[in-house]
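Peer 1: Residue numbers (the numbering used here), protein chains in the order written: chain A, 2 to 376; chain B, 2 to 376. Virtual Cβ for every residue (Gly too), placed ideally from N, Cα, C. None of these values were measured; they are calculated from a predicted model. Pasting a structure here, questions to come.
Protein chains: 2
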Amino acid sequence: MSHFSFEIDSRDGLARRGRIVTPRGAIATPAFMPVGTAGTVKAMLPGSVAATGADIVLGNTYHLMLRPGARRIADLGGLHRFMNWDGPILTDSGGYQVMSLAALRRISEDGVRFRSHIDGSEHMLGPESSMEIQALLGADIVMAFDECTPFPAEEGVAAESMRLSMRWARRSREAFGDRPGYALFGIQQGSIFTDLREESSKSLQEIGFEGYAIGGLAVGEGQARMFEVLDTAPGMLPDDRPRYLMGVGKPDDLVGAVARGVDMFDCVLPSRSGRTGQAFTRRGVVNIRNARHRADPRPLDPDCACPACRGYSRAYLHHVNKAGEIIASMLLTWHNLHYYQQLMAGLRDAIGAGTLARFTTAFRAGQAEGDLAPL
Amino acid sequence: MSHFSFEIDSRDGLARRGRIVTPRGAIATPAFMPVGTAGTVKAMLPGSVAATGADIVLGNTYHLMLRPGARRIADLGGLHRFMNWDGPILTDSGGYQVMSLAALRRISEDGVRFRSHIDGSEHMLGPESSMEIQALLGADIVMAFDECTPFPAEEGVAAESMRLSMRWARRSREAFGDRPGYALFGIQQGSIFTDLREESSKSLQEIGFEGYAIGGLAVGEGQARMFEVLDTAPGMLPDDRPRYLMGVGKPDDLVGAVARGVDMFDCVLPSRSGRTGQAFTRRGVVNIRNARHRADPRPLDPDCACPACRGYSRAYLHHVNKAGEIIASMLLTWHNLHYYQQLMAGLRDAIGAGTLARFTTAFRAGQAEGDLAPL
């Protein structure tokens, strides 16, 4: 296959199950994409990331353009070879990170001028340069350059920000050019304002993209307001293209968003939490640093098949976390990514069987039940 | 097999090739034992440690008695289950670490009273308690409690220190008791003084041990003086028992010591160096932090089969090291442990073939050749 395609094979309410096919391989949807910021999903080898069930990983344009540099990665054969990941890669546009991480940023119609948070060097990032960098990286799925509207924003401010993103989306499309097998996704903005989300969706569809992202959420609005937006936002986008909710989220965010018609997710939460001793399980979040685990011979989750749960007691995970050992990050990250992929597989199975409502009820009951009682 | 045994199958000069058999599995000798200080070979999963070719790992009594505690590990099923390592484990006696790491230590005929470097709690470690702790951990090979004589030491001081260790060795033997399948090793001391090493060896053999270690080296005396001691020290010990040179060393230390009749080694060097960007190769040490690697598409060692060399460029290893990514420690530690195990396998093959002198010459030529020329 040399082209990018998306097929839906089952539906359950608004939820969809299907697959994205790229020349690098297929992505079962709904999909969770682990974040490999600087060319590594932190504390994981790529083979282990694949073993958790991930079909695709995300790379960060902002981080990679600054270190080691997009041109260098291109000279080394592209991001796939650089980071030893054969499957599809999605890169963000850099728009979000440049506004949240860079120093002395100045936004204009052209794009964003900023200084690197690493060495203070000056850079410019706009639709054209973002497309160029993502092409140098060799991303299979490229994101249009946008501004993630801060929250909260007055409607007028949100409208201006969204319209700037739409002009940038058009320039992104033009700069992307004709690249068979590669996809460009547009990003819907509009904060929490339905009419702005509508306007943004129309603008994007006039331009035309291989997929559509829902941006500007998970920025402090809270789950209730996010779900309110998601009650209508996915339906504004074409039914036959993948829908990607950026930067989301907690397990119950994913379950709620899938039920509302979202197909793709990315979030640093499972990997970052793994490094701070937070484990996601079917019975909610477990803080392995808690003293009640220190003599507990039971695994984190007796029903989990990941290496951390098959090979180690809570007492061990507690010990290595407290001792600051690297293996603590390795095992808990693996567990969390495994849990996220298992959750997505469960959602896909439920959509296929038409039992998503029952799956969701059981998921919530498990989360509410809470962790195993102390011994 | 329920007993501990050692067999030599080939000799080349003073060097010996053989195997130690324990109920947990066999150890091909000469053997290098990776150090798993606090219940983990840092930055490695146990399956990966085994994949490098390691038959046995070392655990540190001092660290484990303080955190999480030997009794807790015993309650959790012993150190093997705790750290998920099925093969043999050797534990040190704690004598070395208590003198180098603990606070407010006071040595007496009984043992050493000290405060934990972690929480300041007061502890006592002597021959009897060291044997008890190592039994609680479930170590397959237990080390007698000793004092590692500091270097340099006047002959009188070294003699007193060695004789204290010999009295402790006898108490260790008595406290160890009768434990079929488990081995107790005595430790030769005597600093750089041949007559003291002789006296120590005789004392140990009067007591009788399943194996014998050479202690008090690699403490600042330098390779030349260490080899001078090793020209005679191994020969003072029984031919039919394994000889273990503690805390050694660099690759050329191992090659020189094997030629002098040593069978076992342990050292933090390959794992610690991996975390600081130093890689051991057939062409000497490579510092991956050096800027000359930043655009180099070649692997660390084109002839190495480890995951770091098979999957990644020097440019990538340089990048993740500079970016402080955990994968840098994971990959370089794996490479270094793989290199050490390959070196030991090469030494074993050479002894078997009677070509150790040729192997040593080729090894030294490779080390002297230096790293690949910059591109």
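1. Which residues does DSSP list as the beta-bridge partners of A/Glu-8?
2. Once DSSP output is grouped into helix, strand and coil, what is the label at A/Leu-67?
3. Under 7 Å between C-beta atoms, does B/Thr-92 make it to chain A?
4. Does the beta carbon of A/Tyr-317 sit closer than 7 Å to a beta carbon anywhere in chain B?
5. In whole angstroms, what separates the C-alpha of B/Thr-334 from that of B/Gln-189?
6. Would you tell me roughly how many angstroms separate the C-alpha atoms of A/Gly-88 and A/Phe-177, rounded to the nearest one?
7. Report back the beta-carbon spacing between A/Pro-298 and B/Leu-77 to the nearest angstrom; my notes put them in contact at under 8 Å.
8. Compare the C-alpha of A/Ser-373 against each of A/Met-125, A/Ala-16, A/Gly-182 and A/Asp-304 and name the closest.
9. Shorter than 7 Å from the beta carbon of B/Glu-207 to some beta carbon of chain A?
10. Quick one: does A/Met-2 have its CB under 7 Å from some CB of chain B?
11. Can you find a C-beta in chain A that's less than 7 Å from the C-beta of B/Ala-77?
12. From what residue to what residue does the alpha helix (DSSP H) around A/Met-45 run?
13. Does the contact criterion of 3 or more C-beta pairs under 8 Å hold for the segment 142-160 of chain B versus the segment 213-230 of chain B?
14. Have a look at A/Met-2 and A/Glu-8 and give me their C-alpha separation to the nearest angstrom.
15. Over what stretch of residues does the alpha helix (DSSP H) that includes B/Gly-212 continue unbroken?
16. Just to confirm, is the Cβ distance from B/Asp-111 to B/Thr-62 under 7 Å?
17. Assuming B/His-336 and B/Leu-301 are in contact, meaning their beta carbons sit under 8 Å apart, how far apart are those beta carbons, in whole angstroms?
18. Can you tell me whether B/Gly-19 is buried or exposed? The criterion is at least 16 other CB atoms within 10 Å of its CB, across all chains shown.
19. Is B/Thr-41 close to chain A, meaning its C-beta is less than 7 Å from at least one C-beta of that chain?
20. With distances taken between CB atoms, is the gap from B/Met-163 to B/Glu-199 smaller than 7 Å?
21. Quick check on the DSSP output: what are the complete beta strand (DSSP E) runs of length 3 or more inside the segment 275-305 of chain B, in order along the chain?
22. How would you list, in chain order, the residues of chain B whose beta-carbon sits under 9 Å from the beta-carbon of A/Ser-314?
23. Please classify A/Thr-30: is it buried, with 16 or more other beta-carbons within 10 angstroms of its beta-carbon, or exposed?
24. So, with DSSP's three-state summary, where would you put A/Tyr-313?
25. For B/Arg-25, which option in B/Arg-73, B/Ile-90 and B/Arg-107 has the closest C-alpha, if you only look at C-alpha atoms?
26. Could you confirm whether any beta carbon from chain B is found closer than 7 Å to the beta carbon of A/Ala-324?
27. What does a CB cutoff of less than 6 Å around B/Gly-127 pick up in its chain, not counting 5 residues either side in sequence?
28. Report the residues of the segment 326-347 of chain B with a CB closer than 7 Å to any CB of chain A, ordered along the chain.
29. Kindly identify the DSSP beta-bridge partner or partners of B/Arg-107.
30. Report yes if the C-beta distance between A/Ala-159 and A/Gly-187 is below 7 Å; otherwise report no.
31. Compute the Euclidean distance between the alpha carbons of A/Ile-363 and A/Gln-343, then round it to the nearest angstrom.
32. When the distance is taken between beta carbons, is A/Pro-235 closer than 7 Å to A/Arg-276?
33. Determine the burial state of B/Ile-119: buried for a count of at least 16 other Cβ atoms within 10 Å of its Cβ, exposed for fewer.
34. Taking a cut of 7 Å between CB atoms, which residues from the segment 34-65 of chain A lie near chain B?
35. Going by CA-CA distance only, name the one from A/Arg-12, A/Leu-15, A/Asp-56 and A/Thr-38 that's closest to A/Val-443.
36. Can you tell me where the alpha helix (DSSP H) holding B/Phe-186 begins and where it ends?
Peer 2: Straight from the coordinates:
1. Taking the first sequence and counting its residues from 1, the one referred to as residue 8 of chain A is at position 7. A/Arg-20, per the DSSP bridge assignment.
2. For the purposes of this step, residue 67 of chain A is taken as residue 66 along the first sequence, with counting starting at 1. Looking at A/Leu-67 - three-state DSSP - the assignment turns out to be helix.
3. Here residue 92 of chain B is taken as the residue at index 91 of the second sequence, counted from 1. Contact of B/Thr-92 with chain A is not assigned, every C-beta pair being separated by 7 Å or more.
4. If you number the first sequence from 1, residue 317 of chain A lands on position 316. True, the Cβ-Cβ gap to chain B drops below 7 Å.
5. Position 333 of the second sequence holds residue 334 of chain B. Position 188 of the second sequence holds residue 189 of chain B. Between B/Thr-334 and B/Gln-189, the C-alpha separation is close to 31 Å.
6. Translated into positions along the first sequence, residue 88 of chain A becomes position 87. Translated into positions along the first sequence, residue 177 of chain A becomes position 176. The alpha-carbon atoms of A/Gly-88 and A/Phe-177 are separated by roughly 21 Å.
7. Numbered from its first residue, the first sequence carries residue 298 of chain A at position 297. Numbered from its first residue, the second sequence carries residue 77 of chain B at position 76. Indeed, because the Cβ distance is near 5 Å, the residues count as touching under 8 Å.
8. Taking the first sequence and counting its residues from 1, one reaches residue 373 of chain A at position 372. The residue you asked about is not Ser; residue 373 of chain A is Leu in the sequence shown. Checked all of A/Met-125, A/Ala-16, A/Gly-182 and A/Asp-304; the closest Cα to A/Leu-373 is A/Asp-304.
9. Here the question's residue 207 of chain B lines up with position 206 in the second sequence. Answer no: the Cβ-Cβ gap between B/Glu-207 and chain A never drops below 7 Å.
10. For this step, residue 2 of chain A is matched to residue 1 along the first sequence. With a pLDDT of 46 at A/Met-2, under the threshold of 50, the predicted position of this residue should be treated as unreliable, and no value is reported.
11. On the second sequence, position 76 is the one that residue 77 of chain B refers to. The question names Ala, yet the displayed sequence has Leu at residue 77 of chain B. Nearest CB-CB separation between B/Leu-77 and chain A: below the 7 Å threshold.
12. Start at 1 with the first residue of the first sequence, and residue 45 of chain A comes out as number 44. A/Met-45 -> no alpha helix (DSSP H), and no H or E assigned at all.
13. yes
14. As a working mapping, residue 2 of chain A is identified with position 1 in the first sequence. As a working mapping, residue 8 of chain A is identified with position 7 in the first sequence. Below a pLDDT of 50, predicted positions are generally treated as unreliable, and A/Met-2, at 46, falls in that range; the measurement from the model is reported next regardless. The straight-line gap from Cα to Cα measures roughly 14 Å.
15. Position 211 of the second sequence, counted from the first residue, corresponds to residue 212 of chain B. Segment 212-215 is the beta strand (DSSP E) holding B/Gly-212; no alpha helix (DSSP H) there.
16. Translated into positions along the second sequence, residue 111 of chain B becomes position 110. Translated into positions along the second sequence, residue 62 of chain B becomes position 61. At the C-beta level, B/Asp-111 and B/Thr-62 stay beyond 7 Å of one another.
17. Counting from one through the second sequence, the residue named residue 336 of chain B turns up at place 335. Counting from one through the second sequence, the residue named residue 301 of chain B turns up at place 300. Yes, they are in contact, since the Cβ atoms of B/His-336 and B/Leu-301 sit about 6 Å apart, within 8 Å.
18. On the second sequence, position 18 is the one that residue 19 of chain B refers to. Burial is judged here by how many other beta carbons sit within 10 angstroms of a residue's own beta carbon; B/Gly-19 has at least 16 and is buried.
19. Translated into the one-based positions of the second sequence, residue 41 of chain B becomes position 40. Closer than 7 Å: yes.
20. Looking up residue 163 of chain B in the second sequence gives position 162. Looking up residue 199 of chain B in the second sequence gives position 198. It is not a contact, given that the beta carbons lie outside the stated cut-off.
21. 279-282 and 285-288
22. Start at 1 with the first residue of the first sequence, and residue 314 of chain A comes out as number 313. Ordered by position in chain B, the residues that pass the 9 Å Cβ test against A/Ser-314 are Leu-77, Gly-78, Arg-82 and Phe-83.
23. Locating residue 30 of chain A in the first sequence gives position 29, where the first residue counts as 1. Buried, by the Cβ-count rule.
24. Looking up residue 313 of chain A in the first sequence gives position 312. If DSSP states are grouped into helix, strand and coil, A/Tyr-313 belongs with coil.
25. The residue given as residue 25 of chain B occupies position 24 in the second sequence. Of the listed residues, the one whose Cα sits closest to B/Arg-25 is B/Ile-90.
26. As a first step, residue 324 of chain A is located in the first sequence; it is residue number 323 there, counting from the start. When Cβ-Cβ separations below 7 Å define contact, A/Ala-324 makes contact with chain B.
27. On the second sequence, position 126 is the one that residue 127 of chain B refers to. Correct list, in chain order: Asp-111 and Gly-112.
28. Glu-326, Ile-327, Ile-328, Ser-330 and Met-331
29. Counting from 1 along the second sequence, the entry for residue 107 of chain B is found at position 106. For B/Arg-107, which the question treats as bridged, DSSP gives the partners B/Arg-114.
30. Numbered from its first residue, the first sequence carries residue 159 of chain A at position 158. Numbered from its first residue, the first sequence carries residue 187 of chain A at position 186. No, they are not a contact pair.
31. The residue labelled residue 363 of chain A in the question sits at position 362 within the first sequence. The residue labelled residue 343 of chain A in the question sits at position 342 within the first sequence. What sits at residue 363 of chain A in the sequence shown is Ala, not Ile. The alpha-carbon atoms of A/Ala-363 and A/Gln-343 are separated by roughly 14 Å.
32. As a working note, residue 276 of chain A is residue 275 in the first sequence. As a working note, residue 235 of chain A is residue 234 in the first sequence. Not in contact: A/Arg-276 and A/Pro-235 (Cβ atoms no closer than 7 Å).
33. By one-based count along the second sequence, residue 119 of chain B stands at place 118. It counts as exposed.
34. Ala-39, Gly-40, Thr-41, Lys-43, Ala-44 and Leu-46
35. No information on residue 443 of chain A is available, as it lies outside the stretch 2 to 376 that chain A covers here.
36. As a working mapping, residue 186 of chain B is identified with position 185 in the second sequence. Taken as a continuous stretch (DSSP letters only), B/Phe-186 belongs to no alpha helix (DSSP H), being part of the beta strand (DSSP E) at 184-189.
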